[in-house]
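J.: Residue numbers for the sequence shown follow the working numbering, so the first one is 451 and each next one is one higher. All residues carry an ideal CB built from backbone N, CA and C; glycine is no exception. My questions will all concern the structure given below.
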Amino acid sequence: MIKNSNIGKKIIGVLLALLMLLAVLAVAFKIYAGKYYRTDTEITDQIHREVEESVNSYKDKDGMVFIPQDQDAKAVIVFYPGGKVEYTAYSTLMYELAERGFICILPRMPENLAFLRINAVDMLTSKYAGEVELVENLDWYLAGHSLGGVAAATYLESNKEKYAGIILCASYTTVDFSGSDLRLLSIYGSEDKVLNMDNYSESKTNWPKNSEEYVIKGGIHSYFGSYGLQDGDGTPTITNEQQLVEAADVISTFCSE
451 MIKNSNIGKK IIGVLLALLM LLAVLAVAFK IYAGKYYRTD TEITDQIHRE VEESVNSYKD
511 KDGMVFIPQD QDAKAVIVFY PGGKVEYTAY STLMYELAER GFICILPRMP ENLAFLRINA
571 VDMLTSKYAG EVELVENLDW YLAGHSLGGV AAATYLESNK EKYAGIILCA SYTTVDFSGS
631 DLRLLSIYGS EDKVLNMDNY SESKTNWPKN SEEYVIKGGI HSYFGSYGLQ DGDGTPTITN
691 EQQLVEAADV ISTFCSE
């Protein structure tokens, strides 16, 4: 009995230690996730005003949708936000793309981390099945910035039949698409100091044959969204709005080909 009692106490002790460790990790994660880049509302509001007559936007707890007005939609672009960046910071790029004729879906990620909700697009589209059915005949593209692009590629691995291609903004894929029929567009800024160029270069072996690369001269990592300057980023020689416009032009051309 004494032996069994000692064993029981040891098991309880181990369980309590594990619970304490989990609690510490949960608190540490909350502190980590709580420090994120917030939307520069001055820029997002400005671009919204510029396009409000040609683009309608809708928002709920799971994300935003941007719909071009007075023109036929060319394609659908689903955009996964970068890690630890408030998702609304990418509304500027979405407005620019919607003005060019693209329906854009911008999912909201838990704790601003796309890897915590790889299938975020499914949560939005499942709620609006009727609307999705109306645009099923269009090409759908998955896109993402930085870690959002990596997450998007991970999701795409099991959903290739739904998408025409992927658009990586200052990002790369760890998934091998080299044998697929997908199209790929990679864009990054010449002054980007956040993107790991070693990982980026190595990832090119995962690109499908139908791939394109575009470098925005003077652009940086942070300017694919509107959230200020990310720690460690380079010095831009163009404005945030200039990079957004150029990125939207390149994406528009790619998706219209």
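Starting from Y530, trace the beta strand (DSSP E) both ways and give me its first and last residue.
T.: Note, Y530: beta strand (DSSP E), A525 to Y530.
J.: If G669 and S640 are in contact, beta carbons under 8 Å, what's the gap, nearest whole angstrom?
T.: Going by Cβ atoms, the distance from G669 to S640 rounds to 6 Å, so yes, they are a contact pair.
J.: Check G639 in the structure and name its three-state DSSP category.
T.: Three-state DSSP puts G639 in a strand.
J.: As a quick exercise: from F552, C705 and E536, pick the residue whose alpha carbon is nearest that of K485.
T.: For K485, the nearest C-alpha among the options comes from E536.
J.: Per DSSP, which residues does V505 bridge with? Please list them.
T.: Looking at the DSSP assignment, V505 forms a beta bridge with P518.
J.: Taking 8 Å as the threshold (C-beta atoms), are S576 and T623 in contact?
T.: Going by C-beta atoms, T623 is not nearer than 8 Å to S576.
J.: What would DSSP say about E611, mapped onto helix, strand or coil?
T.: DSSP places E611 in helix when its eight states are reduced to three.
J.: Going by beta-carbon coordinates alone, are A601 and F565 separated by less than 8 Å?
T.: Yes, these two residues count as a Cβ contact at 8 Å.
J.: By alpha-carbon positions, which one of S661, R633, A620 and I568 ends up nearest to N646?
T.: Closest by alpha carbon: A620.
J.: Quick check: what's the CA-CA separation for D522 versus G551?
T.: Going from the Cα of D522 to the Cα of G551 covers about 7 Å.
J.: Would you call the region 538-545 in contact with the region 602-609, where contact means no fewer than 3 C-beta pairs closer than 8 Å?
T.: Too few Cβ pairs lie closer than 8 Å, so no.
J.: Would DSSP call V582 helix, strand or coil?
T.: Note: V582 maps to helix in three-state DSSP.
J.: Less than 8 Å between the C-beta atoms of P557 and G615, yes or no?
T.: It is not a contact, given that the beta carbons lie outside the stated cut-off.
J.: From Q692 to I666, what does the alpha carbon distance come to, in whole angstroms?
T.: So the two alpha carbons sit approximately 10 Å from each other.
J.: Give me the Cβ distance between H671 and D681, rounded to the nearest whole Å; I'm assuming they're in contact under 8 Å.
T.: With a Cβ gap of about 10 Å, H671 and D681 do not count as contacting.
J.: CA-CA distance, N569 and V528?
T.: Between N569 and V528, the C-alpha separation is close to 11 Å.
J.: I need the boundaries of the beta strand (DSSP E) containing A603, first residue and last residue.
T.: It is not in any beta strand (DSSP E) - A603 instead sits in the alpha helix (DSSP H) that spans L597 to L606.
J.: Give me the Cβ distance between G533 and G598, rounded to the nearest whole Å; I'm assuming they're in contact under 8 Å.
T.: At roughly 7 Å, the Cβ-Cβ gap stays under 8 Å, so G533 and G598 are in contact.
J.: So, for T687: in the same chain, excluding its five sequence neighbours on each side, which residues have a beta-carbon less than 6 Å away from its beta-carbon?
T.: Correct list, in chain order: G668.
J.: Establish whether the CB of A602 and some CB of chain B are separated by less than 8 Å.
T.: The chain inventory of the structure shown lacks chain B, comprising one protein chain alone.
J.: By the DSSP assignment, the alpha helix (DSSP H) with E701 in it spans what residues?
T.: The sequence given here has Ile at residue 701, not Glu. Looking at the DSSP string, the run of the alpha helix (DSSP H) that includes I701 is N690 to S706.
J.: According to DSSP, F552 sits in a beta bridge with which residue or residues?
T.: F552 pairs with A525.
J.: If you draw a straight line from the alpha carbon of Y664 to that of P531, how long is it in whole angstroms?
T.: Roughly 20 Å separates the two Cα atoms.
J.: Over the uninterrupted alpha helix (DSSP H) stretch that includes V535, give me the two end residues.
T.: Where V535 is concerned, there is no enclosing alpha helix (DSSP H), given that its DSSP letter is neither H nor E.
J.: Do you know whose CA, among H595, D572 and V582, lies nearest L563's CA?
T.: Nearest of H595, D572 and V582 to L563, Cα basis: H595.
J.: Please name the residue, chosen from Y508, R499, F516 and F704, that lies closest to L618 on a Cα-to-Cα basis.
T.: Minimum Cα distance to L618 is reached at F704.
J.: Is it right to say P518 is buried, meaning 16 or more other beta carbons lie within 10 angstroms of its own, or is it exposed?
T.: By the neighbour-count rule (16 or more Cβ atoms within 10 Å), P518 is buried.
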